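Novice: Would you mind keeping the following structure in view while I ask a few things?
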Amino acid sequence: MNNRKDRMIEEYIHDPYFSKEKYEEPSVCEICGVVFHDGVFKWEEAPKNAKKMVCPACRRIQDKYYGGVVELSGAFLKAHKEEILNLIKNEEEKEKNLRPLERIATIEENDDKITIKTTYEHIARRLGEAVHKAYKGSLELNYQSGAHFLRVKWHRD
Ligand SMILES: [Zn+2]
C-alpha cells in the first residue's frame, strides 16, 4: 500500500530542494498550491492550519535548476507541431496528478525544434517515451550526474 509513497520519498531525498526538515506539516505552496502532508506532496485542499512555503518544484523553476531537458526535432515535428504539443501537455497533466513535483518548467519553440525543460528527470523520460510511442522516430536518453539529470532527444525526419 505504501510502496509508492516510500519510493517518492526515496527519490526526493537526494534532492537539494527537498528535505523533510524544511517543510512543516501541513504546509501549502504559495505559488502552485500543492500541499505537503504526511511526508508527501499532494494535490488536495490545504488544511486551515497549513503554513505557507514554496515547494521544491516551484523553487527549481524559479532557480532554473532543471532535472531534465527534452529536445524534439525534425521535419515531422514541424508538420505536426500542434498535435505533438498537445500530447506533451496531456502527458504533463497525467504525470503531475500522479507525482505533483514532476512538471514542465519551460517550452521553447523554434522553427523545427521544441525544447522542454522539466523539474525532474522522470517526467522528461515520460514525455520522450510518449512522443516516441505515438510518432515513432528515434529516441535517445542520456542520464547525467548520477541519474539526477536526463537529456532526451527525439527526432523524426
Ligand atoms: Zn509549488
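Sequential numbering of the sequence shown, starting at 35, is according to our numbering. Backbone N, C-alpha and C define an ideal beta-carbon position, used for all residues, glycine too. Remember, it's a predicted structure, so these values are computed and weren't measured experimentally.
Roughly how many whole angstroms lie between the Cα atoms of residue 37 and residue 147?
Specialist: Position 3 of the sequence shown, counting from 1, holds the residue named residue 37. Position 113 of the sequence shown, counting from 1, holds the residue named residue 147. Because residue 37 sits at a pLDDT of 47, beneath the cut-off of 50, its placement in the model cannot be relied upon, and the following sentence gives the value as read from the coordinates. Cα to Cα, the separation comes out at about 38 Å.
Novice: The alpha helix (DSSP H) with residue 123 in it runs from where to where?
Specialist: For the purposes of this step, residue 123 is taken as the residue at position 89 of the sequence shown. 115-132 is the extent of the alpha helix (DSSP H) around residue 123.
Novice: As a quick exercise: from 67, 117, 110 and 119, pick the residue whose alpha carbon is nearest that of residue 89.
Specialist: For the purposes of this step, residue 89 is identified with residue 55 of the sequence shown, where counting begins at 1. Selected option, being the one with the closest Cα: 67.
Novice: Cβ-heavy atom distance between residue 122 and ligand 1 below 8 Å?
Specialist: Within the sequence shown, numbered from 1, the residue matching residue 122 stands at position 88. No.
Novice: Between which two residues does the beta strand (DSSP E) harbouring residue 100 extend?
Specialist: The residue labelled residue 100 in the question sits at position 66 within the sequence shown. Here residue 100 belongs to no beta strand (DSSP E), and DSSP marks it neither H nor E.
Novice: Under a three-way DSSP split, which group does residue 161 fall into?
Specialist: Within the sequence shown, numbered from 1, the residue matching residue 161 stands at position 127. Of the three classes helix, strand and coil, the one that applies to residue 161 here is helix, per DSSP.
Novice: Can you tell me which of the three DSSP states residue 135 falls into?
Specialist: Translated into positions along the sequence shown, residue 135 becomes position 101. Of the three classes helix, strand and coil, the one that applies to residue 135 here is coil, per DSSP.
Novice: Beta strand (DSSP E) containing residue 148: first to last residue?
Specialist: Sequence index remark: in the sequence shown, residue 148 carries index 114 (1-based). Looking at the DSSP string, the run of the beta strand (DSSP E) that includes residue 148 is 147-152.
Novice: Does the stretch 149-169 touch the stretch 95-109, meaning 3 or more C-beta pairs lie closer than 8 Å?
Specialist: Contact between the stretch 95-109 and the stretch 149-169 is present, because at least three Cβ pairs lie under 8 Å.
Novice: Establish whether the CB of residue 189 and some CB of chain D are separated by less than 9 Å.
Specialist: This model lacks chain D altogether; it includes just one protein chain.
Novice: Tell whether a beta-carbon distance below 9 Å holds between residue 157 and residue 126.
Specialist: As a position in the sequence shown, residue 157 is number 123, starting the count at 1. As a position in the sequence shown, residue 126 is number 92, starting the count at 1. In this structure, residue 126 lies closer than 9 Å to residue 157 by Cβ.
Novice: May I ask you to report which of helix, strand or coil DSSP gives residue 187?
Specialist: Residue 187 sits at position 153 when you count from the first residue of the sequence shown. Three-state result, residue 187: strand.
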